[in-house]
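A quick write-up on the structure given underneath.
Number of protein chains: 2
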Amino acid sequence: MTETAPPADASLPAIGVRTTRQRQAILTALTGRTHPMTAQAVHTALTGAGHRIGLSTVYRALHRLAEVGLLHSFEVGGERAYRRCPDTTHQHLLCDKCGLITECPPHLVDAWLTELRATTGFTPHADRIDLHGHCADCTAAAR
Amino acid sequence: MTETAPPADASLPAIGVRTTRQRQAILTALTGRTHPMTAQAVHTALTGAGHRIGLSTVYRALHRLAEVGLLHSFEVGGERAYRRCPDTTHQHLLCDKCGLITECPPHLVDAWLTELRATTGFTPHADRIDLHGHCADCTAAAR
DNA sequence: CTCCATGCAAACGCTTTGCACTGAT
DNA sequence: ATCAGTGCAAAGCGTTTGCATGGAG
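Chains A and B are the protein sequences, given in the same order. First residue of the first sequence? That's 36 in the working numbering, and the numbers climb one at a time after it. First residue of the second sequence? That's 36 in the working numbering, and the numbers climb one at a time after it.
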C-alpha cells in the first residue's frame, strides 16, 4: 500500500500539480474543516472572501486535488463534496444530520473486512469506506 | 424494528399505493434482477418492450415504490439506481466492477456495528449500509 | 365521484466542455 | 518558451415540476 500522506500545505509540484493562486485558496478554504464542501460552496466562500476565481476552475481543481490524494470526495445527497484528508485513513463515518465526517479507527474495520471477505468472497475496498449514521454529538442530542 | 417484508407481487393497495399498469410493469422489469437499474434504463427497457410510459412517471413511480419499501435505491456514479429487495436485509455489497449487488449476512454486520458504536459513539444506520468492492466472481476473475 | 397517477414539455441544478488567454516552471 | 491552468459562456445530463388529462378506488 503506497502512502499518500498529504503534505502540510503546498508541496504541490512534488505531486505533479502546479501551484496556483486558486488552488492554494481552495486548499486554504478547506483546511481545518471537519465538514465537506461542495464545489459551489467553495466557490461562494472564495468569491465572498474577495478571491477572483471561476466556478469551473473550482470544479477542475477539486477534481485534480482529489485525484492526487490531497482531498477526499464524498457523495452527499447527489452532490459531490470535498474535504482535506487529515491522515491516511480512508474509512469515514458520515453524520447524516450535521454533515460531520470523522475517521474510523482502522483496526476496528480491518478485522471485520477480513472476516467479511473470508465469509462471503466479496472483496471490500478497504481504502474507501463511507459509513452513514449519526455522529456521537447528534446521537446524544437526539435523546 | 418494523418488518417491511416486500409482498411477492402486488399488494400495493395495502401499502397505500394504487395499482397501475405502469407500476406493475416497472416492478416486473425489476423482478429477479441482481443488478440495479436507473430510471432511464427502466424507461428504455419498458418502451423498448412496447409499453407506453412516460419518463417522469418512471421517476415518480421508482421514488414512490422505494418510499414504501418495495425497492431499494442506490447511488451509482452520481445516478440513482433501483432494485427490488429480495428480503428484509438492507445491508448491501456493491460490486464496482460488474454492478452486482448482494446482501450482506446480517449477523456479520450487526456485531461489528455494535462494537463500532460502543467504541466511537457513532450510531451507524444499520438498515442502510452500502459497501463497495469487488464481488466474489470479479475477485476470482482478476487473479 | 374523488383523487391519485400519468404524460408531455419546460424548467432546474449541478457539472462538464470548448476555446482563447494567462501564468507557472 | 512551453504547456498546464484559468475564465467565461454554452452545452450536457439526469432529475423535477406545472398543468391538463386519465384511470383506480
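Just so you know, even glycine gets a beta-carbon here, dropped at the ideal spot from N, CA and C. Since the structure is predicted, the reported quantities are computational estimates derived from the model, not experimental observations.
Chain-ordered chain B contacts of residue i [CB-CB under 7 angstroms]
i	result
A:GLY170	Sequence inspection shows Cys at residue 170 of chain A; the Gly mentioned does not correspond to that position. Within 7 angstroms Cβ-Cβ: PHE157.
A:THR69	Going along chain B, no residue has its Cβ under 7 angstroms from A:THR69, so there is no contact; the nearest lies around 13 angstroms.
Interface partners of residue i on chain A, CB under 9 angstroms
i	result
B:HIS167	PRO159, HIS160, ARG163, ILE164 and ASP165
B:GLU150	LEU143 and TRP147
Residue i - containing beta strand (DSSP E), residue span
i	result
B:CYS130	126-130
A:LEU166	164-169
B:ILE136	136-138
Chain-order list of residues whose beta-carbon lies under 8 angstroms from that of residue i (same chain, five-residue window excluded)
i	result
A:MET72	ALA64, LEU65, ALA80, ALA116, TYR117 and ARG118
Nonlocal neighbours in the same chain, by C-beta distance under 6 angstroms from residue i, ignoring five residues either side
i	result
A:GLN126	CYS139, VAL144 and ILE164
B:ASP162	HIS125
B:MET36	For B:MET36, the pLDDT reaches just 45, beneath the cut-off of 50, and the residue's location in the model is therefore unreliable, leaving the point undetermined.
A:HIS86	ALA60
Amino acids of chain B, ordered along the chain, whose beta-carbon sits closer than 8 angstroms to that of residue i
i	result
A:GLU110	GLU110 and GLY113
Beta bridge counterpart(s) of residue i as assigned by DSSP
i	result
B:PHE109	B:ALA116
B:THR73	B:ALA116
B:THR158	A:HIS169
Residue span of the alpha helix (DSSP H) that contains residue i, given as start and end
i	result
B:ILE61	56-65
A:VAL144	141-155
B:VAL93	90-102
B:LEU47	47-50
Within chain A, the residues that residue i reaches when beta carbons sit closer than 8 angstroms
i	result
B:THR154	PRO140 and LEU143
B:THR174	GLY156, PHE157 and THR158
Contacting residues, own chain, Cβ-Cβ under 7 angstroms from residue i (five flanking each side not counted)
i	result
B:HIS167	LEU129 and ASP131
A:LEU148	PRO159 and ALA161
Closer than 7 angstroms: residue i CB and nearest the ligand HEM heavy atom
i	result
B:HIS70	With respect to the ligand HEM, the structure shown offers nothing to examine, as it has no ligands at all.
Using a Cβ cut-off of 9 angstroms, which residues of the stretch 127-141 of chain B contact any Cβ in chain A, in chain order?
-> Under the 9 angstroms Cβ criterion, the stretch 127-141 of chain B contributes LEU128, CYS130, ASP131, THR137, CYS139 and PRO140.
Pull out every residue of the stretch 62-95 of chain A whose Cβ sits closer than 8 angstroms to any Cβ of chain B, in chain order.
-> Going along the stretch 62-95 of chain A in chain order, one finds no residue with a Cβ nearer than 8 angstroms to chain B.
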